[in-house]
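Q: Following the numbering used here, the numbering of the sequence shown begins with 2 at its first residue and continues without gaps. For glycine and all other residues, C-beta sits at the position ideal for the given N, C-alpha and C. Nothing here was measured: the structure is a model prediction, and the numbers come from that model. Sharing a structure, written as structure tokens. Questions coming.
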Amino acid sequence: MKNSSFKKLFIILSIIVAVSGFSQGMLLPLISVIFERNGISSSLSGIHAISLYIGVFLSSFFIEGLVRKSGFKYMILIGGAIVALSLLLFPTLKTLSIWFILRLLIGVGDNMLHFSTQTWLTHITPKDKLGRTISVYGFSFSAGFMLGPLLAKLVDVSEILPFIISAILSIITISLVLLIHNEFPSSNVRPINMINTLRNFGDVIKTSWIAFMFPLLYGLFEAGLHSNFPIFGLRNGLDVTSITLILPAFSLGAILFQVPIGMFSDIHGRKKVLTFLTLIGSIIFMLGDFLPTTTFVMMALFLVAGLFTGSFYGLGVSFMTDLTPKHNLPAGNLMIAMSFSVGSMIGPMLGGTIIQLSDGTIFFTMIAAFVFIVFLLLLVHKTPQQVE
2 MKNSSFKKLF IILSIIVAVS GFSQGMLLPL ISVIFERNGI SSSLSGIHAI SLYIGVFLSS
62 FFIEGLVRKS GFKYMILIGG AIVALSLLLF PTLKTLSIWF ILRLLIGVGD NMLHFSTQTW
122 LTHITPKDKL GRTISVYGFS FSAGFMLGPL LAKLVDVSEI LPFIISAILS IITISLVLLI
182 HNEFPSSNVR PINMINTLRN FGDVIKTSWI AFMFPLLYGL FEAGLHSNFP IFGLRNGLDV
242 TSITLILPAF SLGAILFQVP IGMFSDIHGR KKVLTFLTLI GSIIFMLGDF LPTTTFVMMA
302 LFLVAGLFTG SFYGLGVSFM TDLTPKHNLP AGNLMIAMSF SVGSMIGPML GGTIIQLSDG
362 TIFFTMIAAF VFIVFLLLLV HKTPQQVE
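Listed below in structure tokens is the structure:
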């Protein structure tokens, strides 16, 4: 691919993923606040939040075949359309069961969009620029995700307004993909069906399982912090305005260090960088339950946590690409999405339950424990040589 064509594609995909991050960053705290104001328990709110990630997980079993048949461009269009339509339906169908289904559909649409953009980039980016490219891609998502909670503040004006604005932005940005030519993944030696998809997953797990720990952790951060922290904060004296200022601090921290960390990992190796980051990250999160729950202190905690752990998703994608044969990159990127969704399901469920059982006094220790476990796994993992 020519350099000019690559830049055009990269810019468009980065804009699309930024707006997708914006919608996700808005949706999680917005619904948590609405539920808390309506007297819905934190555990039920946490369980409800996993519907989006159930959609991500289930759709992973059929997306590879659809992308190989239709190409990246049309999967992005379909996924974006599902997300935008679901957002428009939220204000008109206000029941727990319908909202559960709508969040599940957003998970399906988001997975179509992210799988297509992410796999497209990992296919066309040279190895020596992979960390930098994926980190800029992750930067775009984090920037959108950082601004999303600020839109949730409009719930004080109208519950409908955040959904409508997010849907309109999604429609506008997804339309940009019409400006680029369609492309297809590298061919696979196996015909695409459910059995062979599962075989591809098995092959990728054998070579790259350690890499999937990092999107899992990032999913746990994203969903846990944005679904559970609003409840934790409200029960510890914070108001909605304070919470919508605190939540973006994590994404701001990720943005500040994401590209330098990605470039650093190109030079010094993904494993060494991730080992250091997981150790420091576990310590930072452990401090969360012992610090005063004030706006300034929590903003500082989220900012520092974002600096050291906000790059986990992008580094996980790069690490997976280092370890996975190119013909299995579509399956590898699906496993990234599935790992992210598993972490995102664990986070809200476990976090909501812990907040309820501890009467709102414990939350961050759960996250710290998961990060420390992955640190230990990195210490014992032996990285195999990649097979092309």
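Pick from L29, F164 and K9: whose alpha carbon is nearest that of T93?
A: If you number the sequence shown from 1, residue 93 lands on position 92. The shortest Cα separation from T93 among L29, F164 and K9 belongs to F164.
Q: D323 by DSSP, collapsed to three states: which one?
A: As a first step, residue 323 is located in the sequence shown; it is residue number 322 there, counting from the start. Helix, per DSSP.
Q: Report all residues from its chain with a CB closer than 7 Å to the CB of I355; omit the five preceding and five following residues, and keep chain order.
A: Taking the sequence shown and counting its residues from 1, the one referred to as residue 355 is at position 354. If we look at I355 and ignore the five residues flanking it on each side, its Cβ neighbours are I363, F364 and M367.
Q: Helix, strand or coil for S312 per DSSP?
A: Position 311 of the sequence shown, counting from 1, holds the residue named residue 312. Reduced to three states, the DSSP call for S312 is coil.
Q: Which class does R236 belong to by DSSP, given the choice of helix, strand or coil?
A: By one-based count along the sequence shown, residue 236 stands at place 235. R236: coil per DSSP, three-state reduction.
Q: Would you report the Cα separation of S98 and A369, rounded to the nearest angstrom?
A: Here the question's residue 98 lines up with position 97 in the sequence shown. Here the question's residue 369 lines up with position 368 in the sequence shown. Going from the Cα of S98 to the Cα of A369 covers about 32 Å.
Q: Any idea what DSSP makes of S42, helix, strand or coil?
A: Residue mapping note: residue 42 aligns to position 41 of the sequence shown, counting from 1. The answer is coil: DSSP assigns S42 none of H, G, I, E or B.
Q: Looking only at its chain, what residues have a beta carbon closer than 6 Å to the beta carbon of S342, apart from the 5 residues adjacent to it on each side?
A: Residue numbering aside, residue 342 sits at position 341 when the sequence shown is read from its first letter. Here the set comprises Y54, V57 and F58.
Q: Unbroken alpha helix (DSSP H) runs of length 4 or more, entirely within the segment 41–108: which are they?
A: Fully enclosed alpha helix (DSSP H) runs of 4 or longer: 43–50, 52–71 and 73–90.
Q: For R133, which residues in the same chain have their Cβ closer than 7 Å to its Cβ, ignoring the five residues on either side in sequence?
A: Counting from 1 along the sequence shown, the entry for residue 133 is found at position 132. Cβ within range, chain order: V260, G263, M264 and D267.
Q: Alpha carbon to alpha carbon, how far is A168 from L151? Give it in angstroms, no decimals.
A: Counting from one through the sequence shown, the residue named residue 151 turns up at place 150. Counting from one through the sequence shown, the residue named residue 168 turns up at place 167. About 16 Å.
Q: Could you tell me how far apart the beta carbons of G348 and A144 are, in whole angstroms, since I believe they sit closer than 8 Å?
A: Locating residue 348 in the sequence shown gives position 347, counting from the first residue. Locating residue 144 in the sequence shown gives position 143, counting from the first residue. About 21 Å separates the two Cβ atoms, so there is no contact after all.
Q: Would you identify the three-state DSSP class for E412, choosing helix, strand or coil?
A: No answer is possible for residue 412: it lies beyond the span of the chain, which begins at 2 and ends at 389.
Q: Helix, strand or coil for N201, going by three-state DSSP, please let me know.
A: Counting from 1 along the sequence shown, the entry for residue 201 is found at position 200. N201 falls in the helix class under three-state DSSP.
Q: Answer with buried or exposed for D129, where buried requires no fewer than 16 other C-beta atoms within 10 angstroms of its C-beta.
A: For the purposes of this step, residue 129 is identified with residue 128 of the sequence shown, where counting begins at 1. Answer is exposed; the Cβ neighbour count stays below 16.
Q: Helix, strand or coil, according to DSSP, for K383 in the structure here?
A: In the sequence shown, residue 383 corresponds to position 382, counting from 1. It is coil, neither helix nor strand.
Q: Just mark R271 as buried or exposed, buried being the case when its beta carbon has 16 or more other beta carbons within 10 Å.
A: Taking the sequence shown and counting its residues from 1, one reaches residue 271 at position 270. R271 is buried by the Cβ-count criterion.
Q: Put I363 into one of helix, strand or coil per three-state DSSP.
A: Residue numbering aside, residue 363 sits at position 362 when the sequence shown is read from its first letter. Coil.
Q: Say whether the segment 9–21 touches the segment 204–222, bearing in mind that this needs 3 or more beta-carbon pairs closer than 8 Å, one atom from each stretch.
A: Flag = no, the segment 9–21 and the segment 204–222 do not touch.
Q: Quick one: measure Cβ to Cβ for T310 and L380, integer angstroms, because I've assumed they're closer than 8 Å.
A: Within the sequence shown, the letter at position 309 stands for residue 310. Within the sequence shown, the letter at position 379 stands for residue 380. No, T310 and L380 are not in contact; Cβ-Cβ is about 17 Å, not under 8 Å.
Q: Between which residues of its own chain and M214 is the CB-CB distance below 6 Å, once the five residues before and five after are set aside?
A: Start at 1 with the first residue of the sequence shown, and residue 214 comes out as number 213. Within the same chain, M214 has close Cβ partners V375.
Q: Which first and last residues belong to the alpha helix (DSSP H) in which K272 is found?
A: The residue given as residue 272 occupies position 271 in the sequence shown. It spans R271 to L288 - the alpha helix (DSSP H) in which K272 sits, taken as one unbroken run.
Q: When every heavy atom of the ligand ADP is checked, does at least one fall within less than 6 Å of the C-beta of I374?
A: With respect to the ligand ADP, the structure offers nothing, as it holds no ligand at all.
Q: Between A82, I102 and L378, which has its C-alpha nearest F91's C-alpha?
A: Here residue 91 refers to the residue found at position 90 when the sequence shown is read from its first residue. The residue with the shortest Cα to Cα distance from F91 is I102.
Q: Tell me which same chain residues have a C-beta within less than 6 Å of the C-beta of G282, skipping the five on either side of it?
A: The residue given as residue 282 occupies position 281 in the sequence shown. Only F309, T310 and V372 meet the Cβ criterion.
Q: Can you say whether I12 is buried or exposed, counting buried as having 16 or more other CB atoms within 10 angstroms of its CB?
A: For the purposes of this step, residue 12 is identified with residue 11 of the sequence shown, where counting begins at 1. Exposed, because fewer than 16 other Cβ atoms sit within 10 Å of the Cβ of I12.
Q: Can you find the residues in the same chain that come closer than 8 Å, C-beta to C-beta, to Q357, ignoring five residues on each side of it along the sequence?
A: Position 356 of the sequence shown, counted from the first residue, corresponds to residue 357. Same-chain partners within the cutoff: S42, S43 and S44.
Q: What's the gap between the Cα of T294 and the Cα of F286?
A: As a position in the sequence shown, residue 294 is number 293, starting the count at 1. As a position in the sequence shown, residue 286 is number 285, starting the count at 1. Cα to Cα, the separation comes out at about 14 Å.
Q: Please classify V388: is it buried, with 16 or more other beta-carbons within 10 angstroms of its beta-carbon, or exposed?
A: As a position in the sequence shown, residue 388 is number 387, starting the count at 1. Residue placement at V388 cannot be trusted, given a pLDDT of 44 that sits under 50; the coordinates are not used to answer.
Q: Here's the rule I'm using: 16 or more other beta-carbon atoms within 10 Å means buried, otherwise exposed. How should R38 be labelled?
A: As a first step, residue 38 must be located in the sequence shown, where it is residue number 37. Classification of R38: exposed, given that the 10 Å Cβ count is below 16.
Q: Select from T279, L280, L278 and A301 the residue whose C-alpha is nearest the C-alpha of G289.
A: Taking the sequence shown and counting its residues from 1, the one referred to as residue 289 is at position 288. The shortest C-alpha separation from G289 is found at A301.
Q: To the nearest angstrom, how far is it from the Cα of G361 to the Cα of N237?
A: Position 360 of the sequence shown, counted from the first residue, corresponds to residue 361. Position 236 of the sequence shown, counted from the first residue, corresponds to residue 237. Between G361 and N237, the C-alpha separation is close to 7 Å.
Q: How far does the alpha helix (DSSP H) with A153 in it reach, from first residue to last?
A: For this step, residue 153 is matched to residue 152 along the sequence shown. From DSSP, the alpha helix (DSSP H) with A153 extends over L131 to A153.
Q: Looking only at its own chain, which residues have a Cβ that is under 6 Å from the Cβ of S52, when we skip the five neighbours before and after it?
A: In the sequence shown, the residue the question calls residue 52 occupies position 51. Cβ neighbours of S52 beyond the five flanking positions: F101, R104 and L105.
Q: Considering only the beta carbon of each residue, do T322 and T123 sit closer than 7 Å?
A: Walking along the sequence shown from the start, residue 322 turns up at place 321. Walking along the sequence shown from the start, residue 123 turns up at place 122. In this structure, T123 lies closer than 7 Å to T322 by Cβ.
Q: Which term fits D111, buried or exposed, when burial requires 16 or more other beta carbons within 10 angstroms of its beta carbon?
A: Position 110 of the sequence shown, counted from the start, is the residue given in the question as residue 111. So D111 ends up on the buried side.
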